[in-house]
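Trainee: For what it's worth, our numbering labels the leading residue of the sequence shown as 1, then goes sequentially.
The beta carbon of each residue, even a glycine, is placed where N, CA and C say it ideally should be.
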Amino acid sequence: MMTIKTTARNLLICLALPFAPLALAQHQNFNINPSLSTVAFTLASNDDTTRGTFGVDKGDVAFDPTSTQISGLIVVSAISGNSGNASRDKKMLKEVLQASKFTTITFVPQSYTGTLALTGDSTLQVTGAFTLHGTAHTITVPMLVHVEGNKCTARTTFKVPYVQWGLKDPSWFVFRVAKDVDVNLTLAGQLSPTS
1 MMTIKTTARN LLICLALPFA PLALAQHQNF NINPSLSTVA FTLASNDDTT RGTFGVDKGD
61 VAFDPTSTQI SGLIVVSAIS GNSGNASRDK KMLKEVLQAS KFTTITFVPQ SYTGTLALTG
121 DSTLQVTGAF TLHGTAHTIT VPMLVHVEGN KCTARTTFKV PYVQWGLKDP SWFVFRVAKD
181 VDVNLTLAGQ LSPTS
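#1: Excluding five sequence neighbours on each side, which residues of the same chain lie with their C-beta closer than 6 Å to the C-beta of Leu187?
#2: Reducing DSSP to helix, strand and coil, say where Ala188 ends up.
#3: Using 8 Å as the threshold, is the C-beta distance between Tyr112 and Leu124 below it?
#4: Would you mind working out which of Thr131, Thr157, Asp169 sits nearest Thr42, comparing C-alpha positions?
#5: Let's see if you can read the secondary structure: which residues bound the beta strand (DSSP E) around Ala86?
#6: Give me the Cα-Cα distance between Ser122 and Glu148, rounded to the nearest whole angstrom.
#7: Within its chain, find whatever has a CB closer than 6 Å to the CB of Asp64; leave out the 5 residues flanking it on each side and keep chain order.
#8: How many Å lie between Ala129 and Val108 at the Cα?
#9: Can you say whether Thr49 is buried or exposed, counting buried as having 16 or more other CB atoms within 10 angstroms of its CB?
#10: Hey, would you say Ala99 sits closer than 8 Å to Ala78, going by beta carbons?
#11: Going by other Cβ atoms of all chains shown within 10 Å of its Cβ, with 16 needed for buried, is Pro193 buried or exposed?
#12: Opposite Lys151 in the DSSP bridges: which residues?
#13: Pro142: buried (16+ other C-beta within 10 angstroms of its C-beta) or exposed?
#14: For the candidate residues Leu116, Tyr162, Asn184, whose alpha-carbon lies nearest to that of His133?
#15: Is the beta carbon of Thr140 less than 8 Å from the beta carbon of Thr119?
#16: Taking the beta carbon of Phe30 as the centre, do at least 16 other beta carbons fall within 10 Å, making it buried, or is it exposed?
#17: Distance check for Gly166 and Val75, CA to CA, integer angstroms please.
#18: Would you check if the distance between the CB atom of Gly72 and the CB atom of Gly55 is smaller than 8 Å?
#19: If you count every other CB in all the chains shown that lies within 10 Å of the CB of Gly84, and 16 or more means buried, which is it?
Here is the structure:
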């Protein structure tokens with residue numbers, strides 16, 4: 001036989017259930033784990049295709065699933081560029097990226113469109129400021145977000161028109177390099193409510 005106390009507790013639980021998604025939908029923080037995150041790039045040329053990576057230094061993104069506002073900072077180490085060819089990497093870091101002067105590449109998300117699911121997959125369009133070689137450029141990138149419990153992964157692929165943005169064209173003589181580079185970004189980490 002149920003007591004009044006048990007009945008009251010069960011009633012409170014039943015009343016709270018419809019509001020559980022709202023509690024989960026409050027401001028969240030996506031703390032990016034650099035060791036689980038990757039930045040891969042592909043640069044085509046008339047001779048070969050160069051593939052390489054950069055290291056993610058750190059990243060945090062704050063968002064509210066009920067809003068389109070998003071904020072934070074993702075920092076990539078410019079000096080970590082590695083294509084597996086020492087002489088090519090030296091030229092890329094010294095002459096093209098000038099990594100000793102512009103040591104980081106950053107992305108500051110500002111807004112997004114699409115519906116961010118609290119679990120499973122979501123496809124968003126994220127707009128923000130991408131800073132390369134010391135200059136910020138507004139870009140919008142497609143983002144596939146996967147949430148499972150408190151774990152989150154965000155993936156995107158986009159082009160960076162680095163020559164148009166003022167970086168040196170590494171082409172010389174008959175060797176021709178594409179004027180934009182394909183970037184494949186994977187960010188992985190944990191979600192937690194913001195205080």
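Mentor: From the atom records:
#1: Ile32, Ser37, Ala154
#2: strand
#3: yes
#4: Thr157
#5: Unbroken run through Ala86 is the alpha helix (DSSP H), 86-91; no beta strand (DSSP E).
#6: 12 Å
#7: His27
#8: 5 Å
#9: exposed
#10: yes
#11: exposed
#12: Glu148, Gln190
#13: exposed
#14: Tyr162
#15: no
#16: buried
#17: 20 Å
#18: no
#19: exposed
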